[in-house]
Structure formats: structure tokens, C-alpha cells
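Asker: Following this message is one structure expressed as C-alpha cells.
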Amino acid sequence: MARRKKLYEGKAKVLYEGPEQGTLVQYFKDDATAFNAEKRDVIEGKGVLNNRLSEFFMTGLGQIGVPTHFIKRLNMREQLIKAAEIVPLEVIVRNFAAGSMAKRLGIEEGTRLPRPIVEFSYKDDALGDPLVPEEYIMAFGWATQQELGEIVDTTLRVNDYLSGVMYGVGIKLIDFKIEFGRIYEGDFPRLILADEISPDSCRLWDIETGEKLDKDVFRRDLGNLTDAYTEVARRLGVLPSNVTHANTKPTLIN
Ligand code: UDP
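For the sequence shown, our numbering assigns the number 398 to the initial residue and increments by one for each residue that follows.
What follows is the structure in C-alpha cells.
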């Protein structure tokens, strides 16, 4: 681990200097935090699963023409990514009411929304990532009007893609959070999807049973988080061969 220069350490990931200019190595930790890091634990195997799952989603999105930071997976916990200047926004899409929206508006969790709703939080841990209107984003210069339009369009494409992929394996995509970054081609900034896409930043419910397969398992003490993420990875066919769990049963292949 000392072989690379650490540039940044967040709650769930570490960024190291990449092998080439314009690249970084993103390392997925096993640390889990919730409620602005008031609740924390180390969940063995989470980082390995999120590395695989984020690779899977970013690769799929790349294949349908959504530009992402993902270059390639390096090993169990690390992936090579493009270095981007992060837009300081958490872009959240909601298909069904849950979490903070359900609480704020008094809507029962799981209620289908009239249409997908995109909202923005300003990325600032000290402030608890406050919800912000678009007007703030442009007035404070966090993104231009043109960028914001592109962010919304791309986010809705990501929502369609993820909803479809999840639906195909019997999972309802309730909501999720993504982040964008800018890379520069000459003087021109271009937006790309950055950070990660994993059950840490999505709400995923089993279509049949309503069982939660995301970080709410940790937030709300609903069971074993690694088992939930393993189930998502198993259904998507991206289970790393060397991650095994006591209750993983052999499956019959026809
Ligand atoms: N989310 C996230 N990081 C955050 C806040 C939210 O990944 O800092 C994700 C969260 O997992 C959920 C969605 O964004 O899938 C909407 O979260 P919500 O606003 O309901 O907040 P929460 O209830 O998680 O505090």
C-alpha cells in the first residue's frame, strides 16, 4: 500500500496517484459509515464487492455511451480511473419515496413517485450535504446552466439503465446517488460520471419480498450487509470467485 502516493482518503474509498498523468487509483475500503459518519463499522468484503459492482455498472454505462471515469479494474480492491475535478454535488434520483424524502414529505416509503425526480445536495460533510435548489448551484458557480442540463439528462439515462438492469434480476431501484467530474480536453471541460455506483449509494429492494439489499441494511441494523451486497452481485453475475460466505449455497447450472 505504500507503493503509491495517497492523495485523498474518504469514508469508503482512498485515491492514490495513478501510473500516468490524468489517472488515479481508486481503492475500495471495507469501512461503512452512515448518518454523516456518526455510525461506523468495518464490513469485511464490502470493498471487494463494491469494486466489482461499480466496474460492472460503469462498464455497462460506457457501452451505452455515457462517459465515465472508469478505465479498468486493477485487482480485488482497486480500479484505475480518470482524474476528474469533482463537481461538488450529490445528484440523487428517486423513483420511489424513501429515506429523507419520505421523512420530509410524510410519504410512505416505497410509494411510486409520479415520475423520476432529480435533486441535488451540496457536497459538504460538515454541513451534512444540504439539499440545494438549482438556483444555488448556478449562483455559487458549482456548475453552469449548460452543465446542469447535461447532468440531469445523463442522470436520467443512468436511471433508465440501472432500473432496467436491476429489474432484470428482480430488484427495484428505489433511489440512488451519483457524482460527476470534469476532465479537460485542451481548455474545454467535459463532464464524466465519477465516484462509484454500488449498493452503498443506491436503495435496492427485492421485487417479490421487498427485502432491502443496500446500505439501509447497515443504517437500520437489518442484518448482514455483505450478504445483501453478495446477493446483488450474485444476481448480476459479477460475484468474484474468491469471495465466499457461509450461507452461499451451491447453485445448479442447467
Ligand atoms: N446517498 C448517498 N450518499 C449520501 C446521501 C445519500 O449515497 O451522502 C444515497 C442513499 O444511499 C440513497 C439516496 O442517495 O440511495 C437518497 O438518500 P436520502 O436523501 O434518502 O438520504 P438518507 O436517507 O440516505 O440519509
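Where is the CB? At the ideal position from N, CA and C, for every residue including glycine.
Around ligand 1, which residues pass a check of Cβ closer than 6 Å to any of its heavy atoms?
Answerer: Having a Cβ closer than 6 Å to some heavy atom of ligand 1 are 487, 489, 495, 496, 497, 498, 526, 572, 573, 574, 598, 599, 600 and 612.
Asker: May I ask you to report which of helix, strand or coil DSSP gives residue 577?
Answerer: Residue 577 falls in the strand class under three-state DSSP.
Asker: May I ask you to report which of helix, strand or coil DSSP gives residue 666?
Answerer: This structure cannot speak to residue 666, because the chain is shown only from 398 to 651.
Asker: Where DSSP assigns a beta bridge to residue 465, which residues make up the other side?
Answerer: According to DSSP, which records beta bridges pairwise, residue 465 is partnered with 590.
Asker: Which residue from 424, 633, 572 and 447 puts its Cα closest to that of residue 510?
Answerer: It is 572 whose Cα lies nearest to the Cα of residue 510.
Asker: Strictly by DSSP, which residues pair up with residue 428?
Answerer: According to DSSP, which records beta bridges pairwise, residue 428 is partnered with 439.
Asker: Under the assumption that residue 576 contacts residue 597 (Cβ atoms under 8 Å), give the Cβ distance between them as a whole number of angstroms.
Answerer: Not quite, the Cβ-Cβ distance comes to about 12 Å (not below 8 Å), so this is no contact.
Asker: Between which two residues does the beta strand (DSSP E) carrying residue 476 extend?
Answerer: Per DSSP, residue 476 belongs to the beta strand (DSSP E) from 475–479.
Asker: Beta strand (DSSP E) containing residue 514: first to last residue?
Answerer: Residues 509–519.
Asker: Counting along the chain, where does the beta strand (DSSP E) carrying residue 501 start and finish?
Answerer: It is not in any beta strand (DSSP E) - residue 501 instead sits in the alpha helix (DSSP H) that spans 496–502.
Asker: In or out: residue 432 buried (at least 16 other Cβ within 10 Å) or exposed?
Answerer: The residue is exposed, with fewer than 16 neighbouring Cβ atoms inside 10 Å.
Asker: Bridge partners of residue 405, per DSSP?
Answerer: According to DSSP, residue 405 bridges with 412.
Asker: Can you grab the Cα-Cα spacing for the pair residue 603 / residue 447, in whole Å?
Answerer: Taking the straight line from one Cα to the other gives about 19 Å.
Asker: Throw me the rounded Cβ distance for the residue 590 and residue 466 pair, which I believe falls under 8 Å.
Answerer: Yes, they are in contact, since the Cβ atoms of residue 590 and residue 466 sit about 7 Å apart, within 8 Å.
Asker: Expressed to the nearest angstrom, what Euclidean distance is found between the alpha-carbon atoms of residue 404 and residue 480?
Answerer: About 11 Å.
Asker: Need the endpoints of the beta strand (DSSP E) that residue 491 sits in, please.
Answerer: 486–493 is the span of the beta strand (DSSP E), which, as asked, contains residue 491.
Asker: Looking at the unbroken alpha helix (DSSP H) that takes in residue 554, where does it start and where does it end?
Answerer: First-last of the alpha helix (DSSP H) with residue 554: 542–565.
Asker: Does residue 417 pass the burial test, meaning 16 or more other C-beta atoms within 10 Å, or should it be called exposed?
Answerer: Looking at its Cβ environment, which holds fewer than 16 other Cβ atoms inside 10 Å, residue 417 is exposed.
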